[in-house]
Amino acid sequence: MNREKVDPLLTTPEPVHVKAQVVQAQVVQAQVVQAQVVVQPGQQFVVVGQQGAPQAQNTLIPYPEETNWHDSECDRCCTCQGDCCLAWFCGCFSLGHIASKLEALGEPYCLKFWHIVIFAIILSIVDMILTSITQSQTRLSGIFLFVVTFQLRRRITTKLNFPGSCCGDCLWSFFCAPCVITQMNGTLWSQPEVQPGCSCDDNFAQVV
Numbered sequence: 001m002n003r004e005k006v007d008p009l010l011t012t013p014e015p016v017h018v019k020a021q022v023v024q025a026q027v028v029q030a031q032v033v034q035a036q037v038v039v040q041p042g043q044q045f046v047v048v049g050q051q052g053a054p055q056a057q058n059t060l061i062p063y064p065e066e067t068n069w070h071d072s073e074c075d076r077c078c079t080c081q082g083d084c085c086l087a088w089f090c091g092c093f094s095l096g097h098i099a100s101k102l103e104a105l106g107e108p109y110c111l112k113f114w115h116i117v118i119f120a121i122i123l124s125i126v127d128m129i130l131t132s133i134t135q136s137q138t139r140l141s142g143i144f145l146f147v148v149t150f151q152l153r154r155r156i157t158t159k160l161n162f163p164g165s166c167c168g169d170c171l172w173s174f175f176c177a178p179c180v181i182t183q184m185n186g187t188l189w190s191q192p193e194v195q196p197g198c199s200c201d202d203n204f205a206q207v208v
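Take 1 as the starting number for the sequence shown in my numbering and just add one per residue.
In structure tokens, the structure reads:
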């Protein structure tokens, strides 16, 4: 029997079944948090997040790049300028200014401006009453101001990563509180002799 020769080029190839695996892609929606920059008095820039809560920035201090106190303890304590006089004669107001500034920097103190002032005044009155009764001078207000000065200085040292020891801060705060107060003012404000100066108002936390 004669077999017909089949040209392989004319034959129809059998279909080849290819199994393809379809990978489903999931589109993840990214949540974009919008932020707006709010400009406040005193050349301050505060970033406000989506929830509207301000994030404390070091733009509230005039020398954020410095790694130590802007002035030494004795640089500004005898200048007879506004903040110097307030530190010597009514230091409770100066300490209140510093406490408000720390709160604006995100490092709140347990006592606010008027708490410090009122407690200092009350303890001064108690000192006078006890002195008249016991015929010996008491220092309750002085002890209170010493404790507040020491604690505020420690908070600034920790917040700004300044060098220093707890013992040194304690000694400076005890023997020369006005020196410490004017030093803190010179670090937290660019012109402390003007703002806060000798003012008794609590309006300088946002001033650089």
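Note that the Cβ used here is the ideal one computed from N, Cα and C, for glycine as well.
All figures in this text were calculated on a predicted structure; none of them were measured in a lab.
{"Item": "Contacts around Asn-68, its chain only, beta-carbon distance under 8 Å, and the 5 residues preceding and following it disregarded", "Value": "Phe-162 and Pro-163"}
{"Item": "Whole-Å CB distance - Ala-205 paired with Ser-94, under 8 Å assumed", "Value": "The pair is not a contact, with the Cβ atoms about 13 Å apart (cut-off 8 Å)."}
{"Item": "Top-ranked residue by Cα proximity to Thr-211, from Pro-192, His-97, Val-208 and Ser-124", "Value": "Outside the displayed span of the chain (1 to 208) sits residue 211, for which this structure offers no information."}
{"Item": "Nearest residue (CA-CA) to Val-207, options Cys-200, Ser-199, Leu-188 and Cys-198", "Value": "Leu-188"}
{"Item": "Identity of the residue in Glu-193, Cys-200, Asp-201 and Asp-202 nearest Gly-82 by Cα", "Value": "Glu-193"}
{"Item": "Where Cys-176 falls: helix, strand or coil (DSSP)", "Value": "coil"}
{"Item": "Gly-106 burial status per 10 Å Cβ neighbour count (16 or more: buried)", "Value": "exposed"}
{"Item": "Sequence-distant residues of its chain with Cβ nearer than 7 Å to Gln-195 (five each side left out)", "Value": "Trp-189, Phe-204 and Val-207"}
{"Item": "Reference Trp-172; option with closest CA among Thr-158, Lys-159 and Arg-153", "Value": "Arg-153"}
{"Item": "C-beta atoms of Val-117 and Leu-140 nearer than 8 Å", "Value": "no"}
{"Item": "Cβ neighbours of Ser-199 in the same chain (closer than 7 Å, five flanking residues each side left out)", "Value": "none"}
{"Item": "Residues near Thr-79 in its chain [Cβ-Cβ closer than 8 Å; skip 5 each side]", "Value": "Thr-182 and Glu-193"}
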